[in-house]
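Enquirer: Number 259 in the numbering used here belongs to position 143 of the sequence shown; there are no gaps in the numbering. All C-beta atoms, glycine included, are put in the ideal place defined by N, C-alpha and C. Since the structure is predicted, the reported quantities are computational estimates derived from the model, not experimental observations.
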Amino acid sequence: RTGGGAADAHAFADAWRRRYVPSMREVIDGRRPFTRLDILHRENLLAVLPEFGIDPQSVSAGALDALNLAWHRLDTWPDVAPALARLHERFVLAPLSNGSIRLLVDLARRNAMPWDAILGAEIARTYKPAPEAYLRSVEALDLRPQQVCMVAAHNADLAAARRCGLRTALVLRPTEHGPRQTGDLVASADWDFVAPDLGRLAELLLAD
Numbered sequence: 117r118t119g120g121g122a123a124d125a126h127a128f129a130d131a132w133r134r135r136y137v138p139s140m141r142e143v144i145d146g147r148r149p150f151t152r153l154d155i156l157h158r159e160n161l162l163a164v165l166p167e168f169g170i171d172p173q174s175v176s177a178g179a180l181d182a183l184n185l186a187w188h189r190l191d192t193w194p195d196v197a198p199a200l201a202r203l204h205e206r207f208v209l210a211p212l213s214n215g216s217i218r219l220l221v222d223l224a225r226r227n228a229m230p231w232d233a234i235l236g237a238e239i240a241r242t243y244k245p246a247p248e249a250y251l252r253s254v255e256a257l258d259l260r261p262q263q264v265c266m267v268a269a270h271n272a273d274l275a276a277a278r279r280c281g282l283r284t285a286l287v288l289r290p291t292e293h294g295p296r297q298t299g300d301l302v303a304s305a306d307w308d309f310v311a312p313d314l315g316r317l318a319e320l321l322l323a324d
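Here is the structure:
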C-alpha cells in the first residue's frame, strides 16, 4: 500500500515484470541508447502504478527508489550457494546477466555467491538475447565460446547462447513464476546438461 492505493503484490510484480522484455528490446533494436536495467525498471514502475490506481505523483521519490531496489534484495533458491561453492573450486564463475553490475553485486553479497567476475549487459552495452551480450562477455574473460557453459532456467536464453557457440545447461525452475507457470517446464532442445536443480548440475559438471 502506498500513495493512498493498494495492490495485490503478486499481480503488481507480474505487471511490472511484463514490461521488462519490451523495454530492453528498445535497446537491443537500437531505438534507444544503452540504458541500465535499474533505470528501465524505474521507468516501468512509474508506468505500471496507474494500472493499479496509484498516482505516481502521490508517491515520494524515496519510496519509489526503495521499491525499485527490491530487485537488489531478492533471495536465491536454497540450492544455489552450496552448489556455487562446489563449482568455484574448479571453474571460473561469472553471471552473464541483463541486470546491472550493482544489482548483481548486491545479490551476491546478500546470498554469498562467489563470483569471479560480473558480466553481461553493462559489459556488452546491450541485452540478451543479442549475440553481443554473450560474445563480448566471453571475450572479456579471454575465452572462446566453446570454453564457456551458459547456465540458465530459460530455454530461449540457452538457444541464443548456443547460436553464439557456448555450451548450455538448463536448470529447471518450474515454480519461478508461481505454481501455475506454463513455460520452461522441460528442456526444449538437447542442451549439453539438464538438471532439476543447481546441486545436480554441479555434480554433472564436476564429473564431465
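Let's test the definition: count the other Cβ atoms within 10 Å of the Cβ of Ile155 and tell me whether it reaches 16, buried, or not, exposed.
Expert: Taking the first residue of the sequence shown as 1, we reach residue 155 at position 39. The residue is exposed, with fewer than 16 neighbouring Cβ atoms inside 10 Å.
Enquirer: Quick one: give me the first and last residue of the beta strand (DSSP E) that Arg283 is part of.
Expert: Here residue 283 refers to the residue found at position 167 of the sequence shown. Element bounds for Arg283: Arg283 to Val287.
Enquirer: Could you tell me which of His293, Ala240, Leu185 and Arg134 sits nearest to Pro211, measuring between CA atoms?
Expert: To locate residue 211, count along the sequence shown from 1; it is residue 95. Per the Cα distances, Ala240.
Enquirer: Any idea if Leu320 is buried or exposed, counting beta-carbon neighbours within 10 angstroms, 16 or more meaning buried?
Expert: Residue 320 sits at position 204 when you count from the first residue of the sequence shown. Label assigned to Leu320: exposed.
Enquirer: Below 8 angstroms, how does it come out for the segment 232 to 249 and the segment 166 to 185: are there three or more Cβ pairs, yes or no?
Expert: The answer is no - the segment 166 to 185 does not touch the segment 232 to 249, with fewer than three Cβ pairs under 8 angstroms.
Enquirer: What would DSSP say about Gly315, mapped onto helix, strand or coil?
Expert: Along the sequence shown, read from residue 1 onward, the residue named residue 315 stands at position 199. Reduced to three states, the DSSP call for Gly315 is helix.
Enquirer: For a test of the three-state rule: what should DSSP assign to Ala303, helix, strand or coil?
Expert: Locating residue 303 in the sequence shown gives position 187, counting from the first residue. Correct three-state label for Ala303: coil.
Enquirer: Ignore the nearest five residues each way along the sequence and tell me which others in Glu383's own chain have a CB closer than 7 angstroms to its CB.
Expert: Residue 383 lies beyond the range of the chain shown here (117 to 324); nothing can be said about it.
Enquirer: Is the Cβ-Cβ distance between Ala237 and Arg134 less than 9 angstroms?
Expert: For the purposes of this step, residue 237 is identified with residue 121 of the sequence shown, where counting begins at 1. For the purposes of this step, residue 134 is identified with residue 18 of the sequence shown, where counting begins at 1. Going by C-beta atoms, Ala237 is not nearer than 9 angstroms to Arg134.
Enquirer: With DSSP run on the structure shown, which of helix, strand or coil describes Val143?
Expert: As a first step, residue 143 is located in the sequence shown; it is residue number 27 there, counting from the start. Of the three classes helix, strand and coil, the one that applies to Val143 here is helix, per DSSP.
Enquirer: Does the distance from the C-beta atom of Val196 to that of Leu314 stay below 9 angstroms?
Expert: Within the sequence shown, numbered from 1, the residue matching residue 196 stands at position 80. Within the sequence shown, numbered from 1, the residue matching residue 314 stands at position 198. Taking 9 angstroms as the Cβ cut-off, Val196 and Leu314 qualify as a contacting pair.
Enquirer: Taking the C-alpha atoms as reference points, what is the distance between Trp132 and Val164?
Expert: Here residue 132 is taken as the residue at index 16 of the sequence shown, counted from 1. Here residue 164 is taken as the residue at index 48 of the sequence shown, counted from 1. Looking at the two C-alpha atoms, the distance is approximately 6 angstroms.
Enquirer: So, for Pro172: in the same chain, excluding its five sequence neighbours on each side, which residues have a beta-carbon less than 6 angstroms away from its beta-carbon?
Expert: Here residue 172 refers to the residue found at position 56 when the sequence shown is read from its first residue. Within the same chain, Pro172 has close Cβ partners Leu162 and Leu165.
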